[in-house]
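Working notes, beginning with the structure itself.
There are 4 protein chains.
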Amino acid sequence: MIVVLKPNLDPAEVEKVIAEVAKLGYEPRPIHGKVQTVIAAIGDESTHHTLETLASWPQVEHVHRVQKRYKLVSREAKKGHDSILHIHGQKIGAGQKFCFMAGPCSVESEEQLMTTAQAVKAGGATFLRGGAYKPRTSPYEFQGLAKEGLRILSLAAKEYDLGIITEVLSERDVELVAAHADILQIGARNAQNFALITEAARSGKPILLKRGLSMKIEEWLLAAEYILAHGNPNVMLCERGIRTFETYTRNTLDLGAVAAIKHESHLPIIIDPSQGCGRADLVLELCKAAAALNADGLLIEVHPNPAEAWSDGQQQVDFDLYARLVEELKPFVSAVGRPLE
Amino acid sequence: MIVVLKPNLDPAEVEKVIAEVAKLGYEPRPIHGKVQTVIAAIGDESTHHTLETLASWPQVEHVHRVQKRYKLVSREAKKGHDSILHIHGQKIGAGQKFCFMAGPCSVESEEQLMTTAQAVKAGGATFLRGGAYKPRTSPYEFQGLAKEGLRILSLAAKEYDLGIITEVLSERDVELVAAHADILQIGARNAQNFALITEAARSGKPILLKRGLSMKIEEWLLAAEYILAHGNPNVMLCERGIRTFETYTRNTLDLGAVAAIKHESHLPIIIDPSQGCGRADLVLELCKAAAALNADGLLIEVHPNPAEAWSDGQQQVDFDLYARLVEELKPFVSAVGRPLE
Amino acid sequence: MIVVLKPNLDPAEVEKVIAEVAKLGYEPRPIHGKVQTVIAAIGDESTHHTLETLASWPQVEHVHRVQKRYKLVSREAKKGHDSILHIHGQKIGAGQKFCFMAGPCSVESEEQLMTTAQAVKAGGATFLRGGAYKPRTSPYEFQGLAKEGLRILSLAAKEYDLGIITEVLSERDVELVAAHADILQIGARNAQNFALITEAARSGKPILLKRGLSMKIEEWLLAAEYILAHGNPNVMLCERGIRTFETYTRNTLDLGAVAAIKHESHLPIIIDPSQGCGRADLVLELCKAAAALNADGLLIEVHPNPAEAWSDGQQQVDFDLYARLVEELKPFVSAVGRPLE
Amino acid sequence: MIVVLKPNLDPAEVEKVIAEVAKLGYEPRPIHGKVQTVIAAIGDESTHHTLETLASWPQVEHVHRVQKRYKLVSREAKKGHDSILHIHGQKIGAGQKFCFMAGPCSVESEEQLMTTAQAVKAGGATFLRGGAYKPRTSPYEFQGLAKEGLRILSLAAKEYDLGIITEVLSERDVELVAAHADILQIGARNAQNFALITEAARSGKPILLKRGLSMKIEEWLLAAEYILAHGNPNVMLCERGIRTFETYTRNTLDLGAVAAIKHESHLPIIIDPSQGCGRADLVLELCKAAAALNADGLLIEVHPNPAEAWSDGQQQVDFDLYARLVEELKPFVSAVGRPLE
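Chains as they are written, first to last, in our numbering: chain V, 1 to 341; chain H, 1001 to 1341; chain F, 2001 to 2341; chain A, 3001 to 3341.
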């Protein structure tokens, strides 16, 4: 770590900080600059007490970490190779087929899901999405069909040979949801719910980890690190928009996160344009950008009649738009060198 | 609801929207302005399907809700009266004694907590805080002493006759934590973890609900609404800083939220200045503002030796500063008309 | 406008609001819902006093505008047609050749700019960028070569037959800068400096208006509206990243803004990936996304030796990377149907 | 500066960075840690080329500055003493009388301003605020009475023996505005309009510098540094709310900024609660917090009839509320030890 001291400190005060750095197990190397002293503290930051606490001392201006805080998820961990996930007969990750995960925000009925599954299958989707458990801002909003929703998901997925991705909200539901789903989705609101994340990790099922509403890239990777540290390497990250001051869109889709994640990590990254902007009329364009950035796939909300959807209808695309979207995406997917089939 | 249509729409298109509004159970009242038509949709928004889904239609510009989404937590629900919580012999709420909840970020050892409990008791605290379960950004950071932490909390609280407030992270720990604590703390990262919130609500214990890092006032009140809707009226809100672009402080303490919550709700509001700014050197000043804004109390991190704290040392105050803070706060607490003893 | 009243108001109080709405020139149409009254106020919002001021009244919950605040920049103003700008023999806008504006952050010397102009010309750029006047966060940082910088820009542009785009910071420099430049750039920090914007508008020169650091789409369009309202239709918008909580990148490039602007306006939109992320290593990927989103061009920082650049070296690409970038972009530019030459 | 290199670099690569650090004029001191090398670069950062540009190199992970970027505005510059400004017979700054600057958002008419001046004078104000030049988001909104506004300001100020604070928007108006005003206000939108700031500095008049909508504390202090560096020491800072995701309030008033500024700088700090929250109903409470935080004064919008104000009526308080506010503030002002008269 690097401990930057205040300017013009009394040497005795500098010594106190040096002594504390040593006490906390680091080898202190003071460097006396023209204006102020900096203490380089040699020692493995991942096993020692952090020196960031020294910022509470009046002698200290700043403390900077040197090492990255994540390990297993870092590119270095796999020596620059990318993780390819094998799920339901599909490969997800760098260079693989661009993956479409599509379906309604919520599972509402057998009829609704069957027709949607048919439509998205026709549009090249390999995974069916649909919420059986819904995290809703208000307790008075539809909370999902729960077990009945899982039953319907299984039925539709079987009928159309699709994998299932669905959100799990409670530690107690992990086992049940894992029994039906191919991919467990951890939603944005639970992106730092480590009890749930750990429980999901232990299920052994692949996990799609959404970015929290105001989660920094580093924090997101560290949440994924929890999953790998609990023995489950099958993780995808999903950018779904961050919260900013802009109100034209529901969230601001941080498409640059695709490049950032590819830089820092070997994990696949998926884009959710529906949550990302919250407006069906912008979804198609955002999908093109996602493909061009070489994201590994899309998680996209499709509904037979968005105006009557039981949740988030304003951001769901109908079957026609979904079909057009898949078609219009092809040249961009080709341009990044991924196979179309 | 109010459905604002796009300008210069064909009358047939306007009719389609009107028909859908009616189909969804509202009485549509179109108002034809100079430039565009607005449809006022009469019906109880809390029991009908939302019309916000209509924003997915090309004819529609915007949809505005009219009613507030929260009920039980609203000022109207108690006809303008404030909730006073009775916990561990104390009253928390409007006009009551300003409540000090103080103690370390994490419970580290019996000795650490005993000395801290003694110090905060001497400084007028009535509740002892201390994390036994810690939500940490990295899996490699100290995760709390768990059960042993709860045991130590009970010991120290008993010795110094303090109530206990401590965070619960997992639905499965609610029962155990509730057996030790007087107040269950739901942390910022779990502020929309509705499974945990609901479980905590059912325990019947008073709950302190922290504001999420990027939670709007409305969303925060709706998360509290979950607790009341599950039959537990004993809720305090806790502002602990929101995430903004500013990096001088760890978070931006939204002190105006005190006034906003007093406006909208009957629930008590507590300020956490430690998380709020993340710097011990700003805590005292923020406490004065909290008192002046007529917050109902403080949740404040106090540690015998912050530099060696196992978590968040940079924002914990030592015993001397805590004692000074309590003393310096008195004129501000008096100024809002609260009793000092 | 729509004036939403508080629930359960006394009818006499409702009447007061209705009277004020009428006094301010609107025709009030009260709609009495189950819980509260809403007043639809009929009248042209663009010529009447706003009713938003009524939010200061205790009877009023919210006031919503109905009409859009911008006119000349809106898609409707050109009946759905896009503006095509003709500058220095080039056409910029929908369906035209993808426009490369490239060059150093700052003009540093004749040699620096000549070599850069040669390199970007070889890489298909049609405009040379380079700051002669630099808005720097600190007064101790390099503020630009001023007139000498303009002279060098003219020299290099002439030598390589490039148009010039350069920033103007002062109303007093508009005339001088306009005498050298083909496009006046209004920077993010001046995006609501209406004195400068108006002066630039009056010069008659095409203007590239960057989005302010925390500017909403609506505010950005309204700043552009100032230019058109002052008789200058030659405006391009430039998204260059907004300020968010994320620190991995310098700014968060809001690529969705391309789609939003195309939706709302007829003006061309340019992407500045350099400011957008502040990291040379992410620039290439962001450019691909910009092309896929059908942005009309790029404003990109290129320097012969970024490490020794006099400003913002960390985000400037070198000649090799620029050349590669132009090459790798081609399939994406083709995919949106734009001509490559 | 501190240059943190990537882990496990080849020694030859490390040498290249060391050589560049030396070439740029610093004395490089490499420190070889367990995982990666850090180069401490000794040299005065305020006179040397920044090394932050090295972040564009593939060998480099991060670059950290060591020295603070501001000097003249820093507490150290005045050896811990606070600046006290003497304006219109008043002293503004630490320990002085709490300063009320009050008046309408815009000057609308002689009658409006005269009645307001009388009311605020009666309520202890020593400065009259009122905009003659208004920066409006839309070109179709009221832009201020300009010269006529200045004339009315002078008239009212003379009549009631008040100082004048008013905003200047254009470099060209600085001389004229300075001829009427006692304090030149630089607004949030112009907080990094360095041409205007420099021109205002040169006028020699005291300047109130508002914080930009998304300006970090450091950037704000650096903008003030421009003024001092141009020979004008009479600067006040004004916190007026920053832009965040919250929509309940127009802005989020960062009250903690008072403590941060007092920590970092000797300059007085003023709070603008009106812009800070954008709602008249929260203003009083925010003022109490400002006083408790030991801000040096308030800039507050007061209007005889807010509902009919020509700008920002929703955030202006009427005469009754202003009078009540001044009265209710007294105990808080006393509590920080300032004289009431």
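Here a beta-carbon is modelled for each residue, glycine too, at the ideal position from N, C-alpha and C.
1) Which residues in chain F sit within 8 Å of PHE1123 of chain H, going by Cβ to Cβ distance?
2) Just grab the DSSP bridge partners of SER106 of chain V for me.
3) Closer than 8 Å by C-beta to ILE2217 of chain F: which residues in its own chain qualify, once you throw out the five before and the five after it? Chain order, please.
4) Within 10 angstroms of the Cβ of ALA2292 of chain F, are there 16 or more other Cβ atoms? Answer buried if so, exposed if not.
5) When DSSP labels each residue in this structure, what does HIS2180 of chain F get in the three-state scheme?
6) Which residue comes first and which comes last in the alpha helix (DSSP H) that contains GLY2163 of chain F?
7) Specify whether the stretch 48 to 63 of chain V and the stretch 3046 to 3062 of chain A touch according to this definition: at least 3 beta carbon pairs, one from each stretch, less than 8 Å apart.
8) Since GLN3185 of chain A contacts THR3166 of chain A with CB under 8 Å, what's their CB separation in whole angstroms?
9) Closer than 8 Å by beta-carbon distance: list the chain F residues that pair up with TRP3346 of chain A, in chain order.
10) Should ALA3132 of chain A and LEU3113 of chain A be called a contact, given that it needs their Cβ atoms to be closer than 8 Å?
11) Do ASP3318 of chain A and PRO3306 of chain A have their C-beta atoms closer together than 8 Å?
12) Would a C-beta distance cut-off of 8 Å place ALA117 of chain V and MET101 of chain V closer than the cut-off?
13) Pull out every residue of the stretch 2161 to 2195 of chain F whose Cβ sits closer than 7 Å to any Cβ of chain A, in chain order.
14) Which bits of chain V does GLY3033 of chain A rub up against, with CB to CB less than 7 Å?
15) Is ILE1270 of chain H near LEU1208 of chain H, with beta carbons less than 8 Å apart?
16) Are LEU3150 of chain A and LEU3176 of chain A touching if we call contact CB-CB under 8 Å?
17) Hey, does CYS1238 of chain H have any beta-carbon neighbour from chain A nearer than 8 Å?
18) Using three-state DSSP, classify PHE100 of chain V as helix, strand or coil.
19) How about the stretch 3280 to 3287 of chain A and the stretch 3308 to 3316 of chain A: do they share at least three Cβ pairs that are nearer than 8 Å?
20) If we define contact as Cβ-Cβ less than 8 Å, is ARG3243 of chain A a contact residue for chain F?
21) So, do the stretch 3193 to 3208 of chain A and the stretch 2186 to 2194 of chain F have three or more beta carbon pairs nearer to each other than 8 Å?
22) In chain F, which residues lie less than 7 Å from GLY95 of chain V when you measure between Cβ atoms?
23) I need the straight-line Cα distance from PHE332 of chain V to LYS288 of chain V, nearest angstrom please.
24) Does DSSP put LEU228 of chain V in a helix, a strand or coil?
25) Could you list the residues in the stretch 1080 to 1105 of chain H with a C-beta less than 7 Å from some C-beta on chain A, going in chain order?
26) Would you list, in chain order, the members of the stretch 1193 to 1220 of chain H that have their beta-carbon closer than 7 Å to a beta-carbon of chain V?
27) Just curious, the beta strand (DSSP E) that GLN3090 of chain A is in, first and last residue?
28) Check whether the Cβ of GLY1276 of chain H lies closer than 8 Å to any Cβ atom in chain V.
29) Count the other CB atoms, across all protein chains shown, that sit within 10 Å of the CB of SER1109 of chain H; report buried if there are 16 or more and exposed otherwise.
30) Check the Cβ of VAL1004 of chain H against every Cβ in chain F and list those closer than 7 Å, keeping chain order.
31) If the cut is a Cβ gap below 8 Å, which residues of chain A does VAL38 of chain V touch?
32) Between the stretch 1029 to 1046 of chain H and the stretch 2026 to 2034 of chain F, can you find at least three pairs of beta-carbon atoms closer than 8 Å?
33) Ignoring anything shorter than 4 residues or poking outside the stretch 2256 to 2280 of chain F, list the alpha helix (DSSP H) runs there in chain order.
34) Going along chain V, which residues have a C-beta under 8 Å from SER1046 of chain H?
35) Would ASP2238 of chain F and LYS2205 of chain F be called neighbours here (beta carbons separated by less than 8 Å)?
36) Are the CB atoms of PRO30 of chain V and ALA22 of chain V within a distance shorter than 8 Å?
Well, looking at it:
1) In the second sequence, the residue the question calls residue 1123 of chain H occupies position 123. Here residue 1123 of chain H turns out to be Gly, not Phe, going by the sequence shown. The contacting residues do not exist; GLY1123 of chain H stays about 34 Å from chain F at best.
2) On the first sequence, residue 106 of chain V is found 106 positions in, with the first residue counted as 1. In DSSP, SER106 of chain V forms a bridge with V:GLY131.
3) On the third sequence, position 217 is the one that residue 2217 of chain F refers to. Excluding residues within five positions, the ones whose Cβ falls inside 8 Å are ALA2257, ALA2260, ILE2261 and GLU2264.
4) Translated into the one-based positions of the third sequence, residue 2292 of chain F becomes position 292. With 16 or more other Cβ atoms within 10 Å, it is buried.
5) Residue 2180 of chain F sits at position 180 when you count from the first residue of the third sequence. In the structure shown, HIS2180 of chain F sits in a helix (DSSP, three-state: H, G or I).
6) Stepping through the third sequence from its first residue, residue 2163 of chain F is reached at position 163. Looking at the DSSP string, GLY2163 of chain F is not in any alpha helix (DSSP H); the run it does join, the beta strand (DSSP E), is 2163 to 2167.
7) Contact between the stretch 48 to 63 of chain V and the stretch 3046 to 3062 of chain A is absent: fewer than 3 CB-CB pairs across the two stretches fall below 8 Å.
8) As a first step, residue 3185 of chain A must be located in the fourth sequence, where it is residue number 185. As a first step, residue 3166 of chain A must be located in the fourth sequence, where it is residue number 166. A Cβ-Cβ distance of about 6 Å is found for the pair GLN3185 of chain A and THR3166 of chain A, placing them in contact under the 8 Å criterion.
9) The first residue shown for chain A is 3001 and the last is 3341, placing residue 3346 of chain A beyond what the model contains.
10) As a first step, residue 3132 of chain A is located in the fourth sequence; it is residue number 132 there, counting from the start. As a first step, residue 3113 of chain A is located in the fourth sequence; it is residue number 113 there, counting from the start. Not in contact: ALA3132 of chain A and LEU3113 of chain A (Cβ atoms no closer than 8 Å).
11) For the purposes of this step, residue 3318 of chain A is taken as the residue at position 318 of the fourth sequence. For the purposes of this step, residue 3306 of chain A is taken as the residue at position 306 of the fourth sequence. PRO3306 of chain A sits close to ASP3318 of chain A, with the two beta carbons spaced by under 8 Å.
12) On the first sequence, position 117 is the one that residue 117 of chain V refers to. On the first sequence, position 101 is the one that residue 101 of chain V refers to. Cβ distance not < 8 Å, so ALA117 of chain V and MET101 of chain V don't count as in contact.
13) Of all residues in the stretch 2161 to 2195 of chain F, LEU2169, SER2170, GLU2171, ARG2172, ARG2189, ASN2190, GLN2192, ASN2193, PHE2194 and ALA2195 have a Cβ within less than 7 Å of some Cβ in chain A.
14) In the fourth sequence, residue 3033 of chain A corresponds to position 33, counting from 1. Contact note: GLY3033 of chain A reaches chain V through ILE42 and VAL66, using a C-beta cutoff of 7 Å and chain order.
15) Position 270 of the second sequence holds residue 1270 of chain H. Position 208 of the second sequence holds residue 1208 of chain H. In contact: ILE1270 of chain H and LEU1208 of chain H (Cβ atoms closer than 8 Å).
16) Start at 1 with the first residue of the fourth sequence, and residue 3150 of chain A comes out as number 150. Start at 1 with the first residue of the fourth sequence, and residue 3176 of chain A comes out as number 176. Annotated as proximal: LEU3150 of chain A and LEU3176 of chain A, with beta-carbon spacing under 8 Å.
17) Residue 1238 of chain H sits at position 238 when you count from the first residue of the second sequence. For CYS1238 of chain H, the answer is no, since every Cβ of chain A falls outside 8 Å of its Cβ.
18) Locating residue 100 of chain V in the first sequence gives position 100, counting from the first residue. Looking at PHE100 of chain V - three-state DSSP - the assignment turns out to be strand.
19) Counting Cβ pairs under 8 Å, three or more are found: they touch.
20) For the purposes of this step, residue 3243 of chain A is taken as the residue at position 243 of the fourth sequence. For ARG3243 of chain A, the nearest CB of chain F lies under 8 Å from its own CB, placing it at the interface with that chain.
21) The stretch 3193 to 3208 of chain A is in contact with the stretch 2186 to 2194 of chain F.
22) In the first sequence, the residue the question calls residue 95 of chain V occupies position 95. The contacting residues do not exist; GLY95 of chain V stays about 16 Å from chain F at best.
23) Residue numbering aside, residue 332 of chain V sits at position 332 when the first sequence is read from its first letter. Residue numbering aside, residue 288 of chain V sits at position 288 when the first sequence is read from its first letter. Cα to Cα, the separation comes out at about 6 Å.
24) As a working note, residue 228 of chain V is residue 228 in the first sequence. Note: LEU228 of chain V maps to helix in three-state DSSP.
25) From the stretch 1080 to 1105 of chain H, no residue has a Cβ closer than 7 Å to chain A.
26) Taking 7 Å as the Cβ-Cβ cut-off, the stretch 1193 to 1220 of chain H approaches chain V at ASN1193, PHE1194, ALA1195, LEU1213, SER1214 and GLU1219, given in chain order.
27) By one-based count along the fourth sequence, residue 3090 of chain A stands at place 90. Element bounds for GLN3090 of chain A: 3090 to 3092.
28) Along the second sequence, read from residue 1 onward, the residue named residue 1276 of chain H stands at position 276. No, no contact with chain V.
29) Within the second sequence, the letter at position 109 stands for residue 1109 of chain H. Residue environment: SER1109 of chain H is assigned as exposed (fewer than 16 neighbouring CB atoms within 10 Å of its CB, all protein chains considered).
30) Here residue 1004 of chain H refers to the residue found at position 4 when the second sequence is read from its first residue. VAL2066, listed in chain order.
31) Here residue 38 of chain V corresponds to residue number 38 of the first sequence, with the count starting at 1. Listed along chain A, the residues sitting closer than 8 Å to VAL38 of chain V by beta-carbon distance are ILE3002, ALA3040 and VAL3066.
32) Taking 8 Å as the limit for Cβ pairs, the verdict is that the stretch 1029 to 1046 of chain H does touch the stretch 2026 to 2034 of chain F.
33) The qualifying runs are 2256 to 2264 and 2273 to 2277.
34) One-based indexing of the second sequence puts residue 1046 of chain H at position 46. SER1046 of chain H reaches chain V at TYR140, counting residues in chain order whose Cβ is nearer than 8 Å.
35) Reading the third sequence from its first residue, position 238 is the one you call residue 2238 of chain F. Reading the third sequence from its first residue, position 205 is the one you call residue 2205 of chain F. Looking at the sequence provided, one finds Cys at residue 2238 of chain F rather than Asp. For CYS2238 of chain F and LYS2205 of chain F, no; Cβs fall outside 8 Å.
36) Here residue 22 of chain V refers to the residue found at position 22 when the first sequence is read from its first residue. Here residue 30 of chain V refers to the residue found at position 30 when the first sequence is read from its first residue. With respect to PRO30 of chain V, ALA22 of chain V sits apart: the two C-beta atoms are not nearer than 8 Å.
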